[in-house]
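One structure below.
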Amino acid sequence: MLSTQFSFRKGYRARAVFVILNAIFFIFMMVCMIVPIIKILSDSLMNHTVYGLKLIPDEINFIAYGRIFSQESLRRPLVISVYTTLMTTFIGLLISTIGAYILIQREMPGVKLFGYMLMFTMIFNGGLIPTFLVMKTIGLLDSLWAVIIPISLNVSNLVLMRSFFEGLPKSLFEAAEIDGCTPIGIFFKIVLPLSKAALASIGLFFAVAAWSEYFHYVMYISDTSKYNFQYKLRDLFADKQEQSEGININVKTLQSAAIIVSIVPFMFIYPFCQKYFMTGITMGAVKE
Amino acid sequence: MKKNLLIRLTGLGLAVVMAAGMSGCGGSGGGTGGGSAATEEYSKPESIKMTFDTCMTFENGLQDVCDEYKNQTGIDLSIEKPDHAKYYEKITLAFASGNPSDVIEMGSTYYPENANNGALWDMTDAWENTTATAKSIIDESYVDALKVDIKDGNGPRLYGFPTVAGNGTITYARKDWFDEATGGNAPKNYDEFIEMLRKFKARGNGAIPITAAGLINSETPYDIYLREFYQDAIPDFYQKEDGSWVDGFTEPAMEGALQRMRDAFAEGLIDGEIVTNNTSTCRDKFNSGLVGAFNYWAGMWCAKLDDSTPDTELVPLPIIEEAGHYIERVPTAMVITNNCSNPVGVFEDLIMYSHDGGAGQLLFTRGVKDKHYTENSDGTATALAYYEDPNTLVEKSFYAPELSITEWQDPIALDPRVESSLQVFRENREFATVPQVSDVISDNLANLNVVKKEVIANVVHGNISVEEGMEKYNNEAGSYVEAILADLNSNG
Amino acid sequence: MAGVNHETLVVKKPPLGNLLYKYRYFYLMAIPVVVLLLIFFYWPMLGIRFAFSTYKLKHITSGAGPDYSTGFGNFVALFKDKFFIDSFRNTVVLSFWNLVFSTVFTVIVALLINELQHEWAKKFVQTVLYLPHFLSWVVVASIFTLLLSAGADQTGTDLTTVGFVNAIFMKLGFIDHPIAFLTTKETWRPAWYIIQRWKETGWGTIIYLAALSGISPDLYEAAEIDGAGRMKQTWYITLPSLMDTILIVFILNLAKILNVFESVFVLYNELVYSVSDVIQTYTYRKGIQGNDYGYSTAIGLFKSVISLFLVTGADYVAKRIRGYGIV
């Protein structure tokens, strides 16, 4: 396997130096990334305003977190967020795998047209008012589908998915075809099982896009019971100069806590996705 | 088996489309285009659809307010409350799809333009002819402030009704710093004001003498902040005594204002981060005790700022001599769209009712009895806590009580800090006028404002001198100014 | 390896009828995707015609609809507007460099992550690195405004309030006066590039790490037997295998190159307008007061046409390099 030996003996010295430098580089990177997030965490625990960079809270107060999980207007959006995220990930992966599978059929008449039709939508769009009017005409206003479908139809993700499919060895397809597999059989037996890394990463893209969606909610949804958590988060941040609604706890504390709550799920999801990225897993499956 | 899967997959795709087509349930269409709304007879509306921004949330019982309204008047009231940040986009979309609500809350930046566009019902006659109690108890100056002349030969007309007073900002000081610096005597003129800021500054430890969210406000009135420095300068178009329009930015007074801000900034008296500040950073700085003086909203915010600033109280300062006055913004308007089928009825039964000085106003201000407040035996009342927050008392349903425009006896006593800051503000204010609208103005204003902001910021930061700033302004904004002035002056 | 599927033989194409039959399942699968595309993307595109009209708030609120007598008037007005030209130039500069930095830096970080020895270290590092992606730009801006501040008193007598970054630089002796990074013309763009990298680098590596898992370990084993060191393996195996993904990500980003908005909107200010104002911040300001949808659609169309050229160009280059483009 790959040489992973760590030693300062001659011949390994350069490698050892590299490993150390690499570690230092990532420690530096992680500090840069984590400091602002620790600041938010610290702000979320102090129920008073602190202006400036304070990384160690001078009080530990979970009042804001309690509020998020007890207040109906914050808890319900969390449920909506989870629901739309799951739906979007599923439908998004469905559309992009199907689309990508079609796109790799290079001999299929019309496949180019299909490809251009997809690409065109990445570059041109109809603008706010026409899109709104279409949503209204097909009766999607105030329906969560108005959020789920546009995010699921993501051409970038579809094209990325196709590039993964293209990396699969052609010989496998041919062999399967000779064995009498239908296209559907190939799709489920070969394409999907061999694309776990792609499904994990692109699935993550869909999940995150749905989780952080805000704009579609603002435009197409007026029913306050259908807003997601990101929407509420933005709402907390909106600078309402002369308006204020009963928030007795410090607004900044609540904002910070809400940010932390919106991040936490993805701290656990990533390591789970990452296990599909391990080098060699794909090809290993082919050999079996 | 495999085929089945395929069919299932494609079937699911199609089902998604079909479900999409069916699950929606568009708006419950308001009245159909009323078109030319002449002075019709009054008839009671059956239902009213209203879009509102600054009201309580549904989670805190907005629906209960609507239910109580139905109880009192027999009219169905449905409210749409879009996201604050995208409120005007949503309204534009509603207009674009031909289905705006009957009644819409509209700020003074958007109200005149929509009036000019002919989207709003002219309520002048309805107001003049009404026999409602509101007519006799409303302070007419607030109503007059909303009259717009759309140059159709009819003179100024009323297209929206004030919800509450426009309110404005005043300068607050931290009481402990203030007492030490001035011995408790508010500065009367610019020299005393600067002297106070210098003493704040001398405290060290990063003390910021005065802060604000920007050197110039991004919408009218532009000079609402830093009044002590702008003084008689008006960084906007205004009409002189003889009726001609001028650009205040090119008047000599503006140079003086720029010089004052530049000097104060160079001395470290104005927050060095003023350009990157937004209102929430200013509040944070003030609340964490870094700031001596801060120009912010009068009224309820006085109590809020005070509550979240530990160790000290707030002193609302009267305006200094040279500046003369604080500025009261044009009130926020409640407009009736031309989409409304029964505008007279809506005007009487919703708008007039909400200012009736009695049950209606109480509902639109304090909410529902026994849900948002309770009555005491002596006729006064006590606010209850919000549904969602047992620690905070309900402030309002739609209208802020402290900003009421009628002679209304609020059964619930106001926080003394709210009252005292408003009193200082009202003793020192002048009313702003509705901004002018025309195609020429809307085409050029955005670019003009960029130049203004750039010039002010660069002069104050000492990157260029006042003269250079004026030159830059004339060079870069000259064409926009000319176009707008020509337009304003041609219309008289 | 992908990309080496040039057919050297001239294969006789089967008749169209046979092909259509052969791919019948694929057509069936394409139907829902095409239907969704038509409804959600192509139908609204009819609105592009507004670009050739005047369509202001008054046309909307009065129900009159757009006024097409304008023709190309919106485009003429665009190119006469100094602010639009400036914002266009800024957009190109900012997005071009951002695209370059993002591609180079993200690939390097992905390769370095791949070199980490332990699985848990990889997972931990990646998780931390991609967290900033989840913060909205508003939050990122408020944090960096604080970190990069030159303090409340920039006249130099009292430096107790300077931001974290300036404090470190001053301690280390790099500078003796704080630099107002976000309000100085010379430093605003570099600061913006760095903040962009801070927020998006970790996120960007995901796609490359997924692609790295597709590289056959056989290739490395063979190279090792040939005596190739780690550097050589990276240069001759890893990087070429990633090239496909790099190209695709690059082209996909190119399609969005002119869409810079929120990151600038929350970080720019009047002192740096001349280096930071981009097309969408310009449209936003115009929209607030002008509300001319004809005009803003015209700007959108202009951007789309530029993107179309860029993407087609890149696609052509990709075809030359690896035999086929992204379509």
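Protein chains in written order, with my numbering: chain A, 1 to 288; chain B, 289 to 780; chain C, 781 to 1107. Built from N, CA and C at the ideal position, the CB exists for glycine as well. In this text, all values refer to a predicted model and were calculated from it rather than measured experimentally.
In this structure, DSSP gives W533/B an extended state, which the three-state scheme calls strand. Between the alpha carbons of V682/B and E347/B lies a distance of about 12 Å.
Taking a C-beta cut-off of 7 Å against chain A, the contacting residues of the segment 561-572 of chain B are N566, T567, S568 and D572, listed in chain order.
Here L21/A is exposed: its Cβ has fewer than 16 other Cβ atoms, across all protein chains shown, within 10 Å. In summary, D572/B is buried, with 16 or more beta-carbon neighbours lying within 10 Å of its beta-carbon over all protein chains present. What H660/B touches in chain A, judged by beta-carbon distance under 8 Å, is nothing: the nearest beta carbon there is about 11 Å away. Three or more Cβ pairs closer than 8 Å define a contact, and the segment 421-434 of chain B falls short of that threshold against the segment 859-870 of chain C. F904/C: member of the alpha helix (DSSP H) spanning E899 to Y910, first to last residue. Counting only Cβ-Cβ distances below 7 Å, T339/B has no contacts in chain C at all, with the closest Cβ about 14 Å away. Within chain C, the residues L837, K838 and T841 have their CB atoms less than 9 Å from the CB of N402/B, given in chain order. Judged by DSSP in its simplified three-state form, G646/B adopts coil rather than helix or strand.
Cβ-Cβ distances below 6 Å link D352/B to V656 and K659 in the same chain, with the five nearest sequence neighbours on each side left out; the list follows chain order.
Within the model, the alpha-carbon separation for N387/B versus D341/B is close to 18 Å. Between the alpha carbons of V1029/C and S163/A lies a distance of about 10 Å. The beta carbon of T339/B is closer than 6 Å to those of E368, S389 and I392 in its chain, skipping five residues each way along the sequence.
Counting along the chain, the unbroken alpha helix (DSSP H) around F881/C starts and ends at K862 to E895.
Contact check between the segment 53-71 of chain A and the segment 121-141 of chain A: fewer than three CB pairs, one atom from each, fall below 8 Å, which does not count as touching. The Cβ atoms of T597/B and K463/B lie no closer than 7 Å to each other.
Distance from A258/A to L236/A at the Cβ level is roughly 6 Å; contact confirmed, criterion being Cβ atoms closer than 8 Å. Counting along the chain, the unbroken beta strand (DSSP E) around N679/B starts and ends at D677 to L681. Taking a cut-off of 8 Å on C-beta distances, the segment 746-759 of chain B does not touch the segment 525-536 of chain B, as fewer than three cross pairs fall below it.
Under the three-pair Cβ rule at 8 Å, the segment 563-579 of chain B counts as touching the segment 35-52 of chain A. In this structure, the alpha-carbon of G406/B lies about 12 Å from that of V436/B. For the segment 597-657 of chain B, the full-length alpha helix (DSSP H) segments reaching 4 residues or more read 631-634 and 647-654 along the chain.
Put simply, of F383/B, D637/B and Y376/B the residue whose alpha carbon is nearest the alpha carbon of L365/B is D637/B. The closest CA to that of L546/B, considering only D559/B, K528/B, E529/B and I522/B, is found on I522/B.
For V919/C, the secondary structure class from DSSP, reduced to helix, strand or coil, is helix.
Taking 9 Å as the cut-off between beta carbons, the residues of the segment 374-396 of chain B near chain A are K374, E377, K378, T380, L381, A384, S385 and N387, in sequence order.
Contacts between D1024/C and chain A, judged by CB atoms closer than 8 Å, involve S163, E166 and G167 in chain order. When secondary structure is reduced to three states using DSSP, V191/A falls in the helix class.
One thing to note: A453/B has its Cβ within 7 Å of the Cβ of P619/B.
Each of N505/B, T412/B and E676/B was checked against the Cα of P631/B, and the nearest Cα belongs to T412/B.
If you check each beta-carbon in the segment 109-128 of chain A against every beta-carbon of chain C, the ones closer than 9 Å belong to P109, G110, V111, K112, F114, G115, Y116, M117, L118, M119, F120, T121, M122, I123, F124, N125, G126, G127 and L128.
Interface criterion met: the Cβ of S201/A is under 7 Å from a Cβ in chain C. Q897/C sits exposed, since fewer than 16 C-beta atoms from the chains shown fall within 10 Å of its C-beta. Its Cα nearest to that of I615/B, the residue T459/B stands out among Q697/B, L408/B and T459/B.
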